[in-house]
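Novice: Have a look at this one before I ask anything.
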Amino acid sequence: MEYIPIIVLVLSFVGLLAIGMPVAWSIAISSVLTMLASIPALPAFTTISQRMGTGLDSFALLAIPFFVLSGQLMNKGGIAHRLIAFAKTLVGSLPGGLALINVIGAMLMGAIAGSAMASASAMGSILGPEMEKEGYSKEFGAAVNITSATTGLIIPPSNVLIVYSLASGGVSIAALFLAGYIPGILTGLFLMIVAMFWAKKKKYKLGERSSIKQVFKTFIDAVPSLFLLVIVIGGIITGIFTATEASAIAVLYTLILGFAYKEISFKSLPEILLDSSATTAIVMLLIGASMSMSWVMSFENIPQNISSLLLGISDNKIIILLIINLLLLFVGIFMDMTPAVLIFTPIFLPVVTELGMDPIQFGIIMVLNLCVGLCTPPVGSVLFVGVGVAQTTIQKVIKPLIPLFLAMIFALFLVTYFPQLTLWLPKLFGL
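Residues in the sequence shown are numbered consecutively from 0, following numbering that gives the first Met the number 0.
Spelled out as structure tokens, the structure:
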């Protein structure tokens, strides 16, 4: 085993991150430096640039810019308001009603938009002031918003699950989408239970019970938004169209809906398109750089060596899965989700398949695990959005975040050791 390339890769990557280099550039530069330790300069630079280009040469990745755009259109198109109104009639009268509305609203928003950032921004800006007015602490509201926003990355459609499909060598996107429903809903339920206990402890005010008529009215208002789920997921599962085609249909549908609600105009479209383009560019640069690093690690036989090392520690499936989960939790604290999925899937997937785990289940475990990292400093993007929208500080939000973290980790534990939670729906639909 050649240790020099591994040492160069790890030290250069960690060192570049430590001095504040953006993640995508850190990945790309450390990949180049690692190749320079093995081959001459010209082939090293040529290989990395080629791998970045070929890494983006995928039809499935076309879905990402479309889903990003549809998420932006939903955020601006009045859809969040209608989903929140519907959630309010369902759980508004329970202890911690507004916090529960936030969780359900985030789950519905995530199931339609597939973006944790969009969900945290929309839910925080709409529900945050209302929660403060009802006596909820700003920090508790932010903590609930931050953690519940990540459920949209597990509940489909999810850009990260598309990235995992690419990194795993072609696991069915339709199967991954179906597999995400029960773990995503389960995580949301655990967050709601914690929020209810916290609200009871703090004696937050109860909301008014909604009548059947009010529930029906808000449901009818939300139906056009919820119907997108039927179109996108239903179309993918039945094979009418691919995930990429579904993403384009989602853009068209949300655009029509935004105009119908009179929340989007031709004047606002340039700003929406520019925001979507900027987000897409960041994501695609991360994917290209991460694919080059994955290739470098494969070239240096790093995944095979780590696989042998882990399987050498123990042949107990429970112990190995616990180690992998702990490593991913640690990785998620310091690395954004997209590069983490692309870099660590080729490392850990051979290990879990050797243990008999289905790649579909591992994809959900990995995404659910890395969702925790989005809520933690120093690189938790959803944490920064949630704190920014709530106009508070990370230090103040940490205390109410801890029990919600535990709820997410408990959901992760169940999904890891009970495969039926992820595989039942894909098997039901023959995927």
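All residues carry an ideal CB built from backbone N, CA and C; glycine is no exception. Note that the structure is predicted; figures quoted are calculated from it, not measured.
1) For P418 and K212, I'd like the C-alpha separation in whole angstroms.
2) Would you mind sorting R50 into buried or exposed? The rule is 16 or more other CB atoms within 10 Å of its CB.
3) Does the Cβ-Cβ distance between I145 and G385 come in under 8 Å?
4) Excluding sequence positions up to five away, which residues of its chain have a Cβ less than 6 Å from the Cβ of M195?
5) Is the distance from the Cβ of I319 to the Cβ of V350 below 8 Å?
6) Helix, strand or coil for K216, going by three-state DSSP, please let me know.
7) Find out if the Cβ-Cβ distance for the pair M334, L373 is shorter than 8 Å.
8) At what residues does the alpha helix (DSSP H) containing K316 begin and finish?
9) Would you tell me roughly how many angstroms separate the C-alpha atoms of Q71 and N315, rounded to the nearest one?
10) Helix, strand or coil for I20, going by three-state DSSP, please let me know.
11) Out of curiosity, what's the CA-to-CA distance linking T279 and K202?
12) Going by DSSP, what residue range makes up the alpha helix (DSSP H) through G238?
13) Are I332 and T391 close, meaning C-beta to C-beta below 8 Å?
14) Classify P64: buried if its beta carbon has 16 or more other beta carbons within 10 angstroms, exposed otherwise.
15) Determine, using beta-carbon pairs with one atom in the stretch 167-185 and one in the stretch 355-365, whether at least three such pairs fall under 8 Å.
16) Answer yes if the stretch 78-88 comes into contact with the stretch 178-186, meaning at least three C-beta pairs across the two stretches below 8 Å, and no otherwise.
17) Do L35 and S25 have their C-beta atoms within less than 8 Å of each other?
18) Please confirm if the stretch 38-55 is in contact with the stretch 276-290, defined as three or more CB-CB distances below 8 Å between the two stretches.
19) On a Cα-Cα basis, can you pick out the residue from G257, S157, Y135 that is closest to K199?
20) Decide if E138 is buried, meaning its Cβ has at least 16 other Cβ atoms within 10 Å, or exposed.
21) Could you please give the first and the last residue of the uninterrupted alpha helix (DSSP H) stretch that includes I153?
22) What's the C-alpha gap between A437 and S275?
23) Alpha carbon to alpha carbon, what distance is there between S57 and G233?
24) Would you give the residue range spanned by the alpha helix (DSSP H) that R50 belongs to?
Specialist: With the structure as the only source:
1) As a working note, residue 418 is residue 419 in the sequence shown. As a working note, residue 212 is residue 213 in the sequence shown. Each residue's CA atom was taken as its position, placing P418 and K212 some 40 Å apart.
2) If you number the sequence shown from 1, residue 50 lands on position 51. For R50, the number of other beta carbons within 10 angstroms of its own is at least 16, and it is reported as buried.
3) For the purposes of this step, residue 145 is taken as the residue at position 146 of the sequence shown. For the purposes of this step, residue 385 is taken as the residue at position 386 of the sequence shown. It is a contact, given that the beta carbons lie within the stated cut-off.
4) Translated into positions along the sequence shown, residue 195 becomes position 196. The beta carbon of M195 sits closer than 6 Å to the beta carbons of P94, G95 from its chain, once the five residues preceding and following it are set aside; these are given in chain order.
5) Position 320 of the sequence shown, counted from the first residue, corresponds to residue 319. Position 351 of the sequence shown, counted from the first residue, corresponds to residue 350. Yes.
6) Stepping through the sequence shown from its first residue, residue 216 is reached at position 217. K216 falls in the helix class under three-state DSSP.
7) Indexing the sequence shown from 1 puts residue 334 at position 335. Indexing the sequence shown from 1 puts residue 373 at position 374. The beta carbons of M334 and L373 sit no closer together than 8 Å.
8) Locating residue 316 in the sequence shown gives position 317, counting from the first residue. Where K316 is concerned, the enclosing alpha helix (DSSP H) stretches over 316-333.
9) Start at 1 with the first residue of the sequence shown, and residue 71 comes out as number 72. Start at 1 with the first residue of the sequence shown, and residue 315 comes out as number 316. One Cα belongs to Q71, the other to N315, and the distance between them is close to 45 Å.
10) The sequence position of residue 20 within the sequence shown is 21, counting from 1. The sequence shown places Met at residue 20, rather than the Ile named in the question. M20: coil per DSSP, three-state reduction.
11) Within the sequence shown, the letter at position 280 stands for residue 279. Within the sequence shown, the letter at position 203 stands for residue 202. Distance between the alpha carbons of T279 and K202: 43 Å.
12) Walking along the sequence shown from the start, residue 238 turns up at place 239. No alpha helix (DSSP H) holds G238; DSSP gives it neither H nor E.
13) Within the sequence shown, the letter at position 333 stands for residue 332. Within the sequence shown, the letter at position 392 stands for residue 391. No, the pair does not count as a contact, with Cβ atoms beyond the cut-off.
14) Looking up residue 64 in the sequence shown gives position 65. In summary, P64 is buried, with 16 or more beta-carbon neighbours lying within 10 Å of its beta-carbon over all protein chains present.
15) With a cut-off of 8 Å, the stretch 355-365 and the stretch 167-185 count as touching, because enough Cβ pairs lie within range.
16) By the Cβ test, the stretch 178-186 is not in contact with the stretch 78-88, since fewer than three Cβ pairs between them sit closer than 8 Å.
17) Here residue 35 refers to the residue found at position 36 of the sequence shown. Here residue 25 refers to the residue found at position 26 of the sequence shown. Judged by their CB atoms, L35 and S25 are not nearer to each other than the 8 Å cut-off.
18) Under the 8 Å Cβ criterion, the stretch 38-55 counts as touching the stretch 276-290, having at least three qualifying pairs.
19) Counting from 1 along the sequence shown, the entry for residue 199 is found at position 200. Nearest option by C-alpha distance: Y135.
20) As a first step, residue 138 must be located in the sequence shown, where it is residue number 139. Counting Cβ neighbours within 10 Å, E138 comes out buried, since at least 16 surround it.
21) On the sequence shown, position 154 is the one that residue 153 refers to. Secondary structure note for I153: it is in no alpha helix (DSSP H), with a DSSP letter that is neither H nor E.
22) No answer is possible for residue 437: the residues shown for the chain start at 0 and end at 430.
23) In the sequence shown, the residue the question calls residue 233 occupies position 234. In the sequence shown, the residue the question calls residue 57 occupies position 58. Each residue's Cα considered, the two are about 23 Å apart.
24) The residue given as residue 50 occupies position 51 in the sequence shown. Where R50 is concerned, the enclosing alpha helix (DSSP H) stretches over 40-54.
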